[in-house]
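Asks: Dropping a structure here in C-alpha cells format, bear with me for questions.
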Amino acid sequence: MSDPNGPSPEFDSLAPSISFTRRSFIVSALGAGFALSVQPIMAQTLITTDTDGLTCSEIKIPVADGALPAYFARPNAGKKFPTILVIQEIFGVHEHIKDVCRRLAKQGYLAIAPELYARQGDPRQYTNIQELMNQVVSKIPDAQVMSDLDACTAWAKGNGGDETRLGITGFCWGGRITWLYSAHNPQVRAGVAWYGRIVGDKNALTPRHPIDVGAALHGPVLGLYGGQDQGIPLDTVAAMRGVLASGTTASKESAIVIYDDAPHAFHADYRPSYRKEAAEDGWKRLLAWFKANGI
C-alpha cells in the first residue's frame, strides 16, 4: 500500500495552496504538563510510561517556513524503525500525547508527535475550551497539517525511521486528521482514528472531512468510537461505514469499532472521560492493526 511517489496529487485540493513565508512560530518549544483548559488532571488514572531503553526528546522538524516543534521516542537499539505519526487532541502535544509516543516506542516504533498548532497559537495558555477552539483550532488549515505531516515523515526517514512502514494514529481532532492523512499520503500503510469527527462545516481551511475522503484511502483505517459520544452522532459513523464499503481496497479493508458505553475521549487517561476497559481494548486493537498491515 506504499508508493514512492509521495502524496497524491488528486488530494492537493484538500485546501487552497498555502504560501509559506519564514516567520516566528508562536510555539517554538514544547512545554511540560497539560493545557490549562483540561484542569484538574485525574492523577489516579494517569498512565506514565518510563524511558528505559528509549531515546526520547523534543525535536525541530524542518518545514517550509521554519521549524516545527515535536516530540519523538524510539528504542535505543536498532535501526529502520517502523514509524507512527501521533496526532494531538485539541489540547496540543501534552504529557499524555508524549506518553503515547513512549508506549509505541516500547513496541519497537519510532513515534513522532508534532505540535500542529505552532503557527496559530499555544493551546497550553487557554483556560476555556471554547476560546481555544475559536482562537486557535478553527484557524488551522488542513493543507498546512498535511504538509507538516509530510515533513515529519521526511524527518523520520533521515533519522532512523523506515518510510516504507508508516502508520498514523490520532485522538479527537487528531482522529479526524488520521482519516484525512490516510487519503493524502500513499505511503501510509494503516491508521487508527480515535473518536475523530466524521462530518462538519466546510470552509476554505477545512474543505473536506473524513466522510468526503473515506472512499479514497491509501491505507486501511481502524476507527474507534464511543457509543455515548455526544459530539459524534452514530448515524454519521454508520454513514462512514457505507462510504468505506464503496471505496478503494484500503477503504474496504477499514473497520469501525463502537464501544457502546464509552463517551468521547475514552482513551484520555488524564480526564474523567477515561474508560479503562475500552481504552485498553482499543490499544490492543491498535497494535494488532499496525502489525496486520505490515507496520
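Residue 38 in the UniProt record's numbering sits at position 38 of the sequence shown, and the numbers go up by one each step. Here a beta-carbon is modelled for each residue, glycine too, at the ideal position from N, C-alpha and C.
Determine which residues share a DSSP beta bridge with GLY167 and list them.
Replies: DSSP output for GLY167 lists ILE84, ALA190 as bridge partner(s).
Asks: How do the region 237–244 and the region 273–286 stand: do at least 3 beta-carbon pairs fall below 8 Å, yes or no?
Replies: No, the region 237–244 is not in contact with the region 273–286.
Asks: How long is the line joining the alpha carbons of THR83 and GLU131, rounded to whole angstroms?
Replies: Their Cα atoms are separated by approximately 34 Å.
Asks: Looking at GLU89: is its Cβ nearer than 9 Å to the Cβ of CYS172?
Replies: For GLU89 and CYS172, yes; Cβs fall inside 9 Å.
Asks: Taking the straight line between their C-alpha atoms, what separation do you get for ALA288 and ASP65?
Replies: C-alpha separation (whole angstroms): 37 Å.
Asks: Tell me which same chain residues have a C-beta within less than 6 Å of the C-beta of ARG119, skipping the five on either side of it?
Replies: Result list for ARG119: PHE25, in chain order.
Asks: Pull up the distance between the alpha-carbon of GLY92 and that of ASN159, whole angstroms please.
Replies: Distance between the alpha carbons of GLY92 and ASN159 is about 23 Å.
Asks: What residue from ILE112, SER138, PRO75, VAL221 has the CA that sits closest to ILE200's CA?
Replies: In the sequence under discussion, the amino acid at residue 200 is Gly, which differs from the Ile named in the question. Of ILE112, SER138, PRO75, VAL221, the residue nearest in Cα terms is SER138.
Asks: By DSSP's criteria, PRO75 is part of a beta bridge. Which residues make up the other side?
Replies: Answer is LEU54.
Asks: Does DSSP put ALA113 in a helix, in a strand, or in coil?
Replies: DSSP places ALA113 in strand when its eight states are reduced to three.
Asks: Helix, strand or coil: which one does DSSP assign to THR21?
Replies: At THR21 the pLDDT is 46, less than 50, meaning the model places this residue with poor confidence; the figure from the coordinates comes in the next sentence. Looking at THR21 - three-state DSSP - the assignment turns out to be coil, as it is neither helix nor strand.
Asks: Apart from the five residues just before and just after ASP99, which ones in its own chain have a Cβ nearer than 7 Å to its Cβ?
Replies: Contacts found: ILE47, THR48, THR49.
Asks: Under a three-way DSSP split, which group does GLY175 fall into?
Replies: Residue state, collapsed to three classes: helix.
Asks: Please look up how many angstroms separate the CB atoms of THR178 and THR169, rounded, as I've assumed it's under 8 Å.
Replies: Between THR169 and THR178 the Cβ distance is about 6 Å, and since that is below 8 Å, they are a contact.
Asks: Identify whether ILE47 lies in helix, strand or coil by the three-state DSSP scheme.
Replies: ILE47: coil per DSSP, three-state reduction.
Asks: DSSP three-state call for ILE129: helix, strand or coil?
Replies: Correct three-state label for ILE129: helix.
Asks: Go to VAL221, then tell me how far its beta strand (DSSP E) extends in each direction, as first and last residue.
Replies: Segment 221–226, the beta strand (DSSP E) holding VAL221.
Asks: Check whether the Cβ of HIS209 lies closer than 9 Å to any Cβ atom in chain D.
Replies: Here there is only one protein chain, and chain D is not present.
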